[in-house]
Amino acid sequence: MSRSRIDRATPSLIEPPVLRHALVATIAPLAPIDKTYSFLVPDELAERLKPGMRVEVPFGRSGRPQVAFCVDVSIQEWASTLKTIISVVDETPMIGPKLLELGRWLSRYYCSYLGHTLDMMIPAAAKAQAGRRRVKYVKLSEKTAKALDKDNLGSAKQQAVVQALRREGQVEIGRLCDLAGCTPAVVTGLEKKELVTIEIVMEEVSPAEANPSPHHPDFELSDDQQSAIGKIGESINSGKFSVQVLFGVTGSGKTEVYVSAIRQVLAAGRQAIMLVPEIALTTQTVRRLQTRFERVAVLHSGLSGVQRSRAWSAIARGEIPVVIGTRSAVFAPCPSLGVIIVDEEAEPSYKNLAAPRYHTRDVAIQRANLEGIPVVLGSATPSLETWKNAHQRKHYQLLRMPTRVRGLAMPQVYLVDMRQEHHERPGVHMLSRAMEEHLSATLDRKEQAVLLLNRRGYAGYLHCPKCKYVYTCPHCDVHMVFHASTGLAHCHYCHQRVEMPKLCPMSNCDGRLSRFGIGTQRVEEELGLKFPAARVRRMDSDAMQKNEDYADILAAFERREFDFLVGTQMIAKGLDFPFVSFVGIVSADTALGLNDFRSEERTFQLVLQVAGRSGRGDAPGHVVVQTFAADADPIRHAVAGNYEAFADGELQKRRRAKLPPWTRMMRVIIADPLYTKLQKAGDALKQELEAALGRRGIAASVFGPSPCPIKRLRDSYRMDIQLTFETAGAMLSAIDLFKSEGTLKSSVKTLTVDVDPVSLQ
Ligand code: ADP
Ligand code: ZN
-14 MSRSRIDRAT
-4 PSLIEPPVLR
6 HALVATIAPL
16 APIDKTYSFL
26 VPDELAERLK
36 PGMRVEVPFG
46 RSGRPQVAFC
56 VDVSIQEWAS
66 TLKTIISVVD
76 ETPMIGPKLL
86 ELGRWLSRYY
96 CSYLGHTLDM
106 MIPAAAKAQA
116 GRRRVKYVKL
126 SEKTAKALDK
136 DNLGSAKQQA
146 VVQALRREGQ
156 VEIGRLCDLA
166 GCTPAVVTGL
176 EKKELVTIEI
186 VMEEVSPAEA
196 NPSPHHPDFE
206 LSDDQQSAIG
216 KIGESINSGK
226 FSVQVLFGVT
236 GSGKTEVYVS
246 AIRQVLAAGR
256 QAIMLVPEIA
266 LTTQTVRRLQ
276 TRFERVAVLH
286 SGLSGVQRSR
296 AWSAIARGEI
306 PVVIGTRSAV
316 FAPCPSLGVI
326 IVDEEAEPSY
336 KNLAAPRYHT
346 RDVAIQRANL
356 EGIPVVLGSA
366 TPSLETWKNA
376 HQRKHYQLLR
386 MPTRVRGLAM
396 PQVYLVDMRQ
406 EHHERPGVHM
416 LSRAMEEHLS
426 ATLDRKEQAV
436 LLLNRRGYAG
446 YLHCPKCKYV
456 YTCPHCDVHM
466 VFHASTGLAH
476 CHYCHQRVEM
486 PKLCPMSNCD
496 GRLSRFGIGT
506 QRVEEELGLK
516 FPAARVRRMD
526 SDAMQKNEDY
536 ADILAAFERR
546 EFDFLVGTQM
556 IAKGLDFPFV
566 SFVGIVSADT
576 ALGLNDFRSE
586 ERTFQLVLQV
596 AGRSGRGDAP
606 GHVVVQTFAA
616 DADPIRHAVA
626 GNYEAFADGE
636 LQKRRRAKLP
646 PWTRMMRVII
656 ADPLYTKLQK
666 AGDALKQELE
676 AALGRRGIAA
686 SVFGPSPCPI
696 KRLRDSYRMD
706 IQLTFETAGA
716 MLSAIDLFKS
726 EGTLKSSVKT
736 LTVDVDPVSL
746 Q
């Protein structure tokens, strides 16, 4: 940028009124403000300031300096009211041009503040530059360098410093003090006299570790794998954006396809990002990838600030070609990205639950689009969004892998109708006869079993048989769950724990509270009673304290140190254990009762995924699915292992109901401790939203305000308004409109906007 065109002189009254121009930076504040601001760039910063750096600007009436992101620098018309940037915070941009563009898209699409969004895209440690240290280098000033040895420079110590510098040139201050036998104060004393100069440089503490001998497995790729790899290879070579949907049954060897895609990208000198739902639960997949490449950065929540920041800057320098991580890894600053892989793309945990409430898969698609590269979405049970797109959109390609590797059979699945079971077998039984028989046979064969119940705790709820009272959390509208491990009743939402009352707390009722429903702790106990010889362990978020606990228990299971693994849906993900020949689903119905249009999809995915953990070794796999809803579509189709039948039927239902993926949904959740205030605010907000949409002629359906399925949480009542739009374009225009008119505001305690919600709780 040429400096000669920039004239910052005050216009004189005598001169004709020519239009003047100046270098102006556009700034996005970190505060929750929906605007960008212009600031003058002073001459001394003009060369240094780049978009993506953070700056300090005088902000608000007080003019107090605040940190903000610079999102643009350009020559603009001069306005005398513009304030000037105070300083530049970063040496180099924290965020490159493409990620900046992605940030703009995120903030627009997910209706979040731009500055806040950019800030969220960078790990806090990287912003603080943890992992780098400030190193002071000392050298002679020009004046001293020219002077002769005998010049009197002061004390003997100071002379020694100068002599050392003459010998060595530029020296780090610590080493210089060693050489000269002095303290740093001697050196700073010389600096004050301008006899030496001190330069501060940020240096990496140490680079990331490497894996010198990557491992190559000796098996031959299956035909399905080869064909998928070939097509993904073509998409990588095409240099264009595309979405490759890898639809492969459980055990079809999807990881191997990812490895091969990454390898092709690396061969072309580019980098790859692989996203996984949760690191702790996908240790096997992560480990497999780590052993296959020389340099892999795994970004997980257990990293220290220093490690994270170090990894981040090494990635930005292009030194680490493979990045594996959860949600935020989609923002990894790879300079020349070649592919993004989203493993288990249908996992709900890809949705970020704080603002901006982005869906990692959709951000990955958008990033791939901006970078002009392919994105690979892998799953045995693709989300209906992806399934529909794969059939309708031009840039999508569906890659099928319908068979397991090594010719292994899909597991045999048996359905147990628990209504009938209760009918034929008096008494309350948590495990059906079929389930018990299979567990016993598994134990006899010295194989392993996985048991799933998607509900933690011991008893689902406590109720009074006399007056039907159900013990609920004092702060939330949810049942308290009894935990045998603590002997207390827990709220799974606000984490309140209370002593369980023995008697019904209702006045005039002296009934005794009884425990109903089952949780994983109860299953663990029952297995102990029924199979005293079996070694049983439980894996749910109560049993796991630290991240390592997950890895430890899974490693112990892999070493066959125990026989039965009981757990919540966290055991359904990506596990590949050759000695697991039996999977039991204690209740397939846990998600079905939820008041959410995705509950069928979730149920289907969970049953099919967890069933897929069995029969991955030489022993054939068996699965028992217990249900009270044997006729429900998701259960029937999951038992038959028929994804396509389920997806097509469910898509038709959604189409009739005008629900996603046929429409786009935006949900506005408002919460307040005062219910009447909330109701009024909800009604007013709905009217304003409808009026704004009407003025612009944007077609939308607006539902609500109605109480959320969880009506009260942490002492606040909750209501939502749901808006559905026929197209993404219509939704975007609505978001732009609401933002520009400031419609999404309310006097209630909190207002949350959730675009493309994955849960309606
Ligand atoms: P998926 O993710 O599709 O369920 P994985 O990628 O976990 O399947 O692969 C299942 C298992 O099969 C892994 O242990 C993997 O090492 C192995 N495997 C992958 N490809 C082959 C192959 N072509 N031949 C033999 N074994 C394979
Ligand atoms: Zn609570």
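The opening position of the sequence shown corresponds to residue -14 in my numbering, with each subsequent residue numbered one higher.
All C-beta atoms in this analysis are idealised placements derived from N, C-alpha and C, irrespective of residue type, glycine included.
Small disclaimer: the values here were computed from a predicted structure and weren't measured.
Exposure of residue i, with buried meaning 16 or more beta-carbon neighbours within 10 Å
i: residue 96; result: buried
i: residue 109; result: exposed
i: residue 91; result: buried
i: residue 439; result: buried
i: residue 332; result: buried
i: residue 661; result: exposed
i: residue 207; result: buried
i: residue 632; result: buried
i: residue 666; result: buried
i: residue 26; result: buried
i: residue 209; result: buried
i: residue 742; result: buried
i: residue 339; result: exposed
i: residue 524; result: buried
i: residue 745; result: buried
i: residue 491; result: exposed
i: residue 349; result: buried
i: residue 739; result: buried
i: residue 368; result: buried
i: residue 672; result: exposed
i: residue 756; result: Coverage of the chain is limited to positions -14 through 746, which leaves residue 756 absent and any answer about it impossible.
i: residue 187; result: exposed
heavy atom of the ligand ADP below 7 Å from residue i C-beta
i: residue 764; result: In the structure as shown, the chain starts at -14 and stops at 746, and residue 764 therefore has no counterpart that could be examined.
i: residue 751; result: One cannot answer for residue 751 here, as it falls past the ends of the chain, which runs -14 to 746.
i: residue 263; result: no
i: residue 240; result: yes
i: residue 236; result: yes
i: residue 542; result: no
i: residue 574; result: no
i: residue 203; result: no
Contact test: residue i Cβ vs the ligand ZN heavy atom, cutoff 7 Å
i: residue 693; result: no
i: residue 468; result: no
i: residue 746; result: no
i: residue 98; result: no
i: residue 478; result: yes
i: residue 481; result: yes
i: residue 73; result: no
i: residue 565; result: no
i: residue 42; result: no
i: residue 455; result: no
i: residue 463; result: yes
Sequence-distant residues of its chain with Cβ nearer than 6 Å to residue i (five each side left out)
i: residue 555; result: 266
i: residue 235; result: 365 and 597
Within-8 Å CB hit, residue i to chain B
i: residue 345; result: Of the protein chains in this structure there is only one, and it is not chain B.
Cutoff 8 Å; reference residue i; Cβ partners in own chain excluding five residues on either side
i: residue 476; result: 458, 460, 461, 463, 465, 466 and 482
i: residue 168; result: 162
i: residue 140; result: 171
i: residue 89; result: 56 and 99
i: residue 370; result: 645 and 646
Residue i: CB within 7 Å of a non-hydrogen atom of the ligand COA
i: residue 460; result: As for the ligand COA, it is missing from this structure, which binds only the ligand ADP and the ligand ZN.
field: Secondary structure, beta strand (DSSP E): runs of 3+ residues fully inside the segment 596 to 649
entry: Those beta strand (DSSP E) runs which fall completely within the segment 596 to 649 and span 3+ residues are 607 to 612.
message: Would you call the segment 503 to 514 in contact with the segment 403 to 416, where contact means no fewer than 3 C-beta pairs closer than 8 Å?
response: Yes: at least three Cβ pairs fall under 8 Å.
- prompt: Looking at C-beta atoms only, is the number of pairs between the segment 553 to 572 and the segment 260 to 275 that lie closer than 8 Å three or more?
  reply: Contact between the segment 553 to 572 and the segment 260 to 275 is present, with at least three C-beta pairs closer than 8 Å.
task: Tell me the start and end of each unbroken beta strand (DSSP E) in the segment 346 to 425 that is at least 3 residues and wholly inside, in chain order.
output: Counting only runs that start and end inside the segment 346 to 425, the beta strand (DSSP E) elements of at least 3 residues fall at 359 to 364, 381 to 386 and 397 to 402.
task: Specify whether the segment 385 to 405 and the segment 606 to 623 touch according to this definition: at least 3 beta carbon pairs, one from each stretch, less than 8 Å apart.
output: At 8 Å Cβ cutoff, the stretches touch.
- prompt: Is it a yes or a no for the segment 722 to 734 touching the segment 652 to 670, going by three-plus beta-carbon pairs under 8 Å?
  reply: Cβ pair count under 8 Å is three or more, so yes.
field: Uninterrupted beta strand (DSSP E) stretches inside the segment 538 to 586 (no shorter than 3 residues)
entry: Here the runs fully enclosed are 549 to 552 and 565 to 572.
- request: Note down, one range per segment and in chain order, each alpha helix (DSSP H) of at least 4 residues found wholly within the segment 648 to 690.
  value: Annotation: the segment 648 to 690 contains the following complete segments of the alpha helix (DSSP H) (minimum length 4 residues), in chain order: 660 to 681.
message: Contact between the segment 67 to 81 and the segment 27 to 36 is defined here as three or more beta-carbon pairs at a separation below 8 Å; is this criterion met?
response: Proximity of the segment 67 to 81 to the segment 27 to 36 meets the contact definition, three or more beta-carbon pairs being nearer than 8 Å.
- prompt: Should the segment 317 to 336 be called in touch with the segment 247 to 263, which here means at least 3 C-beta pairs below 8 Å?
  reply: Result yes; three or more Cβ-Cβ pairs closer than 8 Å.
message: Three Cβ pairs or more, each shorter than 8 Å: is that satisfied between the segment 565 to 578 and the segment 419 to 429?
response: Cβ pair count under 8 Å is three or more, so yes.
- prompt: On the three-pair Cβ rule with 8 Å, is the segment 572 to 584 touching the segment 287 to 299?
  reply: The answer is no - the segment 287 to 299 does not touch the segment 572 to 584, with fewer than three Cβ pairs under 8 Å.
query: Is the segment 60 to 71 close to the segment 275 to 295, with three or more CB pairs under 8 Å?
result: No contact exists between the segment 60 to 71 and the segment 275 to 295.
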